[in-house]
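Residue numbers (this note's numbering): 32 to 180.
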């Protein structure tokens with residue numbers, strides 16, 4: 032696709048338009064679902080970053096959650112105050128602070144994940160497994176290309 036091409040349906044054919052719209056709508060829907068359980072989207076991102084890993088550095092959480100480092104630091108500090116996360120010095124590198132979910136953080140993560148799974152199931156109910164595989168592969172490829180810039 033040529034970005035300069037004149038097209039009366041430019042937005043429809045511009046993948047970043049759809050990526051932005053899907054992400055914005057997903058965040059809106061997720062916010063509405065998470066609010067009743069006392070979680071906002073930044074906290075959700077930290078909870079889910081820590082879901083598959085026991086300990087992550089604040090920088091790693093920032094990378095996984097797509098939040099800026101200073102924002103991630105503030106969110107983690109609030110989560111420490113709320114008893115959702117604990118921190119420690121990384122055993123292999125004393126310069127690195129790592130975060131881990133507490134039992135309460137893991138409990139809230141499970142509640143939040145249940146809400147997110149419902150959003151996922153509804154959002155992708157008409158998407159086949161093959162389409163999902165292709166979609167993820169394309170998005171991963173584009174992400175890799177953007178990392179080269």
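Cβ coordinates follow ideal geometry from the N, Cα and C atoms, glycine included.
### Task
Evaluate the contact criterion for the segment 143-163 versus the segment 59-69: three or more CB pairs, one atom per stretch, below 8 Å.
Verdict: yes, contact present.
### Message
If you reduce the DSSP assignment to three classes, tell me which class residue 157 lands in.
### Response
Position 126 of the chain shown, counted from the start, is the residue given in the question as residue 157. In the structure shown, residue 157 falls within a coil segment according to DSSP collapsed to helix, strand and coil.
### Task
At 4 residues or longer, and completely inside the segment 81-112: list those alpha helix (DSSP H) runs for me, N to C.
Assignment of alpha helix (DSSP H) within the segment 81-112, counting only whole runs of 4 or more residues, yields 89-96, 100-112 in chain order.
### Message
On the CB-based measure, 16 or more other CB atoms within 10 Å of its CB, does residue 130 come out buried or exposed?
### Response
Taking the chain shown and counting its residues from 1, one reaches residue 130 at position 99. By the neighbour-count rule (16 or more Cβ atoms within 10 Å), residue 130 is buried.
### Task
State the beta-bridge partners of residue 140 as determined by DSSP.
Numbered from its first residue, the chain shown carries residue 140 at position 109. When DSSP reads this structure, residue 140 sits in no beta bridge, so it has no partner.
### Query
Would DSSP call residue 124 helix, strand or coil?
One-based indexing of the chain shown puts residue 124 at position 93. In the structure shown, residue 124 sits in a strand (DSSP, three-state: E or B).
### Task
Pull up the DSSP beta-bridge partners for residue 130, would you.
As a position in the chain shown, residue 130 is number 99, starting the count at 1. DSSP, once it has assigned bridges, lists 87, 118 as partnering residue 130.
### Message
With distance defined between alpha-carbon atoms, name the residue in 173, 78, 171 nearest to residue 116.
### Response
Here residue 116 is taken as the residue at index 85 of the chain shown, counted from 1. For residue 116, the closest C-alpha among the options 173, 78, 171 is that of 78.
### Inter-residue spacing [alpha-carbon to alpha-carbon] between residue 8 and residue 101
The displayed coordinates of the chain run from 32 to 180. Any statement about residue 8 would go beyond what the structure contains.
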